[in-house]
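Engineer:
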Amino acid sequence: MPDVHALVNDFLIKLKKRKIEGSKATAKVTAEVLRSFISQQRLPNTNQAGALIDAVKAVGEQLIAANPVELAVGNVVRRVLHIIREEDLSLTAAAIGGLSLSAGSDDEDDVGHDEHPALSAAAVAAAARSTLRPPSLQTLLEDVPHTAAVPHTSSSGGDSEGKSKSADKNSSTKRLKHNVIEAVNELIQDIVTCHEQIAEQAVEHIHQNEVILTLGSSRTVVEFLCAAKEKKRSFRVFVAEGAPRYQGHTLAKELVTRGLQTTVITDSAVFAMISRVNMVIVGAHAVMANGGVIAPVGLNMVALAAQRHAVPFVVLAGIHKLCPLYPHNPEVLLNELRSPSELLDFGEFSDCLDFGSGSGSPILHVVNPAFDYVPPNLVSLFITDTGGHNPSYMYRLIADYYSANDLVLQRRSAS
Amino acid sequence: MVAKQSGRNRGGGGGGTAAATEVSVEELARVPLQAILLADSFATKFRPITLERPKVLLPLVNVPMIDYTLAWLESAGVEEVFVFCCAHAKQVAEHLENSRWFAQPNFSVTAIESNNAVGAGDALRLIYEQNVIRGDFVLVSGDTVSNMSLAVALGEHKERRRKDSNAIMTMVITQSKTSPTTRQSRLGTDELFMAIDPDTKQLLYYEDKSDKGTVSLDKTLLSDHPSIYLHNDKQDCYIDICSPEVLSTFADNFDYQHLRRHFLKGLLDDDIMGYKIFTHEIQSNYAARIDNFRSYDTVSKDIIQRWTYPLVPDVQFFGNSSTKLDRQGMYRASVVGQSRSAQVGPFTVIGSGTTIGSQSQISNSVVGEGCKIGANVSIEGCYIWHNVTIEDGCQLKHAIVCDGVVIKSGVILEPGVVLSYKVVVGQQFIVPAYSKVSLYQQPIKQDSDEELEYADSSTGFMDASSLSGLPDKLKEESTIQLSESQLQAASEVGSGGVGFIWSTSEGSHEEEWRHSVAPIPPAKLLEIMHTSNNELEVVQQDGNLPPSGELERDSVTANSNDYDDDDVDVKDDYDFFENEVEATFKRALEENIKEDDVILEVNSLRLSYNLATADCSGALFYSMMKSALSAPHPSPSDLVKNAATVITKWEKLLKYYLPSIDEEIEVILKFEEMCLESAKEYSTVFVQILHLLYDKDIIQEEAILNWASEKEGADETDKLFVKQAEKFIQWLNEASEEED
């Protein structure tokens, strides 16, 4: 127990001090911390899922508060909560299937399922799930009786349903934790491999002799471009340098070592160059529920330029970047203002920051936001590890991955 | 660099080649990076606040200063910190215990308490005795705010150490603007001159108190370092990376107290140990030290402007409550009760639990937690700490208001006011500008002398700490104290008010505006500009090194006009010089040394005391007359005879030093002075000796006449000898007329 607390605290401190950078790393560590937290958690005999959800919520709240800017933390916490609910549901469903009677479940969540005829365990599970949230597109299209024979899992987070199905029905209560951990492991695996999954689709999008424009640096974009290169596509890349951190420079270096034709341009030259570009491919900080993107600063300008010249604006985002919140939600801190020293040299400007003379208030003010918000109508396509999606489709993906009960985690902090 | 280090650390275990074993030996000696944090500034700049609370615990944008320093050290990779507490050591230790610093993994904080340290030197000596520092360490004081990364500086330091074991310290400096007004109005620091070797970054010269108006560099520096940059545009961050030798140096030199004034200068002047100090300049990172109220103001504003990122209010770098950043640099805690009609302006921080009444205006200020601000209050550029009550209709401008202060309705605080803990200001009272109000009475002895400051501050802290040892005891005592002097106190800060207004001693009153939180008035700013321009001119004159041929043997100094600036100093020097010359002359008499040799000796004395030839002639004449006086002389006429023999014997020597009339006049003046003061016996024979000198052609008539005319304007007492010599002068006048 204590070592988990230490682990959580350590992670909290790291988040607070902004020591972990990048949403992928943060998402991975968050999932790992939650996994060890869950495995150490002692559960009561009744209402296990409820207890586990409450415990994870409490920890998740702390983690989110530690760095409200990094939305990936909240995303992973919500994913884990959703996994717990799913596992619990499938276990109960399995138990019901075994008893073939709608005995009272110990979970308050699945209230509506007793009206359904007890077809089979899987059918009950699917039906129960469908009462909890809007049915996902794939579930609707699939025939329920078919799934009874082969427990085909939908695209939802319950990838591990297959395993839970094979679990012994009677020991369902003991299985819950085990299953949840299994599922979280898979989530971690998903996060780790999201680059490859996205990169696999590269050839479908990048064609011979095309010109691709990108801004700043994103690991996903690098993998994506290199995957296309490896498949013998020859194309050129324009890299906007991404002031003030100039990560575009490192990106250009990396692309060149991999043998890609690269051109570095300034951010302000984007509009001039966009007419020669076939496609804009960028990474994102987070994808919001409405399909809007929170992305490194400067991308809104690029998106507008792309729209003006009808150039497709493609955003690559691992599924952990998918945030179930809307950007107008006051809980979401959209931006982080970083140090002005990235823009100006402190020594050079110390006379402009002179508070001892005049009215005592600074006249020079430097604003260095880290992110831009790109509205959904400017985005042509999202490429996630599950494939390409329209911005308008995002809400549906979110419905698949998150449970509506978990969207608001931080309510009680107001007291 | 650090990565490289750890990489080698892993591989160094089984080193086979000679180089590898050498490395592994070095790596075995590697210890976790340590830091010494001095939680006491050994100064009184923050009085009267520091009578009750140590400086490092004062809130800076609602977070104790020491937490900024610790958070920075932690994030910079320091693993072990020794916090040296002296004044209010209990409070510091308590704070560390209550905060979570002790619970941090991979970061240990140890408090070292001492009650009798009077300076940084004592602190370091104590730490040296405890034998806890095992390798290179970072030396900072607990009021440093920085976000620099230590890795590069540390790497450079280690690299230099490998090559040269005498490179014991690396000082972190940053660029600043040369404009003296900026320096003054930003951090309230004086001008700082540093000479740095541009190639090796070695520090060769450091002068932060340049009241002399001259910068003197040793010429030998130039022979070792072909080029030297003399900087006036650098700022000392007071962050030092030191090797253990620094501690032992402090232990060896028990009189070292001040880190810069004693230690640094001691090392720079001392050639015996050959220790070297290097500098590391940080470019875009932030580093500053809070030394006075002015820098408190500036650093607070820098934090609000996010230069110290990630050490900013909305990032919970350590235990501070969650704060949100709105537009225009406004930080608001999650729970703030703000009236709809209240206007909270730009660059303001509002702590949690604070309520703001209707029609109140706040701008450019920091308001702490749990404050109650009434209606129609205007607050501009103020630092209001926790649990302060401000009633309706008050006007506050550029003030510091400490915890628990009550400001009754209608009070006006003029710029630069400091209200210490729990002071109550009565209704409608106007607190005058730059005044400091405290529950404690001002210590009677308020000295501005640096040396005494140490002693004074320590005693001051001692009785304060004994008073505030326990919080409730403090309350009791202060109420007792208050009841005793309530009548008087009440009159000082308005009816119903509690507190004493500290009077500023006449000397420092002039300086008040320099170090207060209020902006410098434009008139004063102009004054600084003006004086500093003058200063700069002088400095430039001296700073531009003349071609090496013109350098004097020992030092490059300003022209002798500067003597007027520091008369006292020169006077002292002159007295020493005179004694030396006298001793030399005596020896010459006894040992019958040749004149040429005496000239040589006197010349070298003159150079080492840095005096003019006129001073030599005066001193030499003085010593001759003294020797004449020491010989037995029953009557005044014998005395004249004695003098005559001495003068004839050393005629040549004296003449050597009298190349022009100016020197001759100097000799007469000297003689006059002797007759008045040291050798009154000569006063009766003044004219005879003067005549003698004239006869021997040592002094020409022109000199005597000049002297007489110079004295004409003087008052009667000064004219005593002119009158004596009246006849002689008359005779001289006539003689010269005859000649014409």
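Chains as they are written, first to last, in the numbering used here: chain F, 817 to 1231; chain V, 98 to 837. Cβ coordinates follow ideal geometry from the N, Cα and C atoms, glycine included.
#1: Give the residues from the region 851-884 of chain F that approach chain V closer than 9 Å (Cβ to any Cβ), ordered along the chain.
#2: Step through the CB atoms of chain V and report whether any lies within less than 8 Å of the CB of Gly1163 of chain F.
#3: For Ala865 of chain F, which residues does DSSP report across the bridge?
#4: By Cβ distance, which residues of its chain are closer than 8 Å to Ser392 of chain V, with the 5 residues on each side in sequence left out?
#5: I need the boundaries of the alpha helix (DSSP H) containing Tyr753 of chain V, first residue and last residue.
#6: For Asn212 of chain V and Ser613 of chain V, what's the separation of their Cα atoms in angstroms?
#7: Suppose you measure from the CA of Tyr660 of chain V to the CA of Ser727 of chain V; what does that come to, to the nearest Å?
#8: Quick one: is Trp169 of chain V buried, meaning 16 or more other Cβ sit within 10 Å of its Cβ, or exposed?
#9: Compute the Euclidean distance between the alpha carbons of Asp870 of chain F and Glu1070 of chain F, then round it to the nearest angstrom.
#10: Would you check whether the ligand MN has a heavy atom nearer than 7 Å to the C-beta of Ile997 of chain F?
#11: Between V:Thr311, V:Ile338, V:Thr297 and V:Gln201, which has its C-alpha nearest Ala248 of chain V's C-alpha?
#12: Using a cut-off of 7 Å between C-beta atoms, extract the partners of Ala822 of chain F located in chain V.
#13: For chain V, is any of its Cβ atoms less than 8 Å away from the one on Tyr1033 of chain F?
#14: Helix, strand or coil, according to DSSP, for Lys494 of chain V in the structure here?
#15: Can you list the residues of chain V that Arg1154 of chain F reaches, using a CB-CB cut of under 8 Å?
#16: Is the distance from the Cβ of Val463 of chain V to the Cβ of Val446 of chain V below 8 Å?
#17: Compile a chain-ordered list of the residues in the region 377-399 of chain V whose CB is closer than 8 Å to at least one CB of chain F.
#18: So what's Ala1102 of chain F in DSSP terms, helix, strand or just coil?
#19: Apply the 10 Å Cβ neighbour rule to Trp828 of chain V and answer buried if 16 or more other Cβ atoms are within range, or exposed otherwise.
#20: Assign Pro756 of chain V to one of two classes, buried (16 or more other C-beta atoms within 10 Å of its C-beta) or exposed (fewer than that).
#21: Is Pro407 of chain V helix, strand or coil by DSSP?
#22: Would Gly471 of chain V and Ser460 of chain V qualify as a contact pair, given that the criterion is a beta-carbon distance under 8 Å?
#23: What residue does the beta strand (DSSP E) around Thr451 of chain V start on, and which one ends it?
#24: Could you tell me which uninterrupted alpha helix (DSSP H) segments, each at least 4 residues in length, are contained entirely in the region 697-757 of chain V, listed from first to last along the chain?
#25: Go to Cys468 of chain V, then tell me how far its alpha helix (DSSP H) extends in each direction, as first and last residue.
#26: Measuring only between beta-carbons, confirm whether Asp1188 of chain F sits less than 8 Å from chain V.
#27: Is the Cβ of Arg283 of chain V closer than 8 Å to any Cβ of chain F?
#28: For a cutoff of 8 Å on Cβ pairs, would you count His1181 of chain F as touching chain V?
#29: Tell me which same chain residues have a C-beta within less than 7 Å of the C-beta of Glu687 of chain V, skipping the five on either side of it?
#30: Quick one, which of F:Gly1107, F:Tyr1062, F:Ala1119 and F:Arg1074 has its alpha-carbon nearest Met1089 of chain F's?
#31: Taking only three categories from DSSP, how would you classify Arg424 of chain V?
#32: Mind checking whether Leu327 of chain V and Ile224 of chain V have CB atoms under 8 Å apart?
#33: How is the alpha helix (DSSP H) around Ile163 of chain V delimited, first residue to last?
#34: Identify every run of the alpha helix (DSSP H) within the region 781-825 of chain V, keeping only runs that are complete inside it and at least 4 residues long; order them along the chain.
#35: Only counting runs of 3 or more residues, tell me where the beta strand (DSSP E) segments fall wholly within the region 1056-1084 of chain F, in order along the chain.
#36: Taking three-plus beta-carbon pairs below 8 Å as touching, is the region 255-271 of chain V in contact with the region 181-192 of chain V?
Structural biologist: With the structure as the only source:
#1: Ala881, Ala882, Asn883 and Pro884
#2: yes
#3: Partner(s): none; Ala865 of chain F has no beta bridge.
#4: Once the five neighbours on either side are set aside, the close Cβ partners of Ser392 of chain V are Arg283, Leu284, Gly285, Thr286, Ala385 and Arg386.
#5: Glu748 to Tyr753
#6: 29 Å
#7: At Tyr660 of chain V the pLDDT is 40, less than 50, meaning the model places this residue with poor confidence and gives no usable figure here.
#8: buried
#9: 45 Å
#10: Absent from the structure shown: the ligand MN. Ligands present: none.
#11: Taking Ala248 of chain V as reference, the option from V:Thr311, V:Ile338, V:Thr297 and V:Gln201 with the minimal CA-CA separation is V:Ile338.
#12: Neighbours of Ala822 of chain F on chain V, chain order: Pro202.
#13: The sequence given here places Ser at residue 1033 of chain F; Tyr does not occur at that position. No, because no Cβ of chain V sits closer than 8 Å to the Cβ of Ser1033 of chain F.
#14: strand
#15: Arg403 and Tyr406
#16: yes
#17: Gln380, Ser381, Asn382, Tyr383, Arg391, Asp394, Thr395, Lys398 and Asp399
#18: Looking at Ala1102 of chain F - three-state DSSP - the assignment turns out to be strand.
#19: exposed
#20: By the 10 Å Cβ count, Pro756 of chain V comes out exposed.
#21: DSSP places Pro407 of chain V in coil when its eight states are reduced to three.
#22: no
#23: Per DSSP, Thr451 of chain V belongs to the beta strand (DSSP E) from Thr451 to Ile453.
#24: 710-727, 733-746 and 748-753
#25: Unbroken run through Cys468 of chain V: none, as it is neither H nor E.
#26: no
#27: Interface residue, yes.
#28: yes
#29: none
#30: F:Ala1119
#31: helix
#32: No; because the gap between Cβ atoms is not below 8 Å, this pair is not in contact.
#33: Met162 to Ser172
#34: 783-792, 798-809 and 817-821
#35: 1077-1081
#36: no
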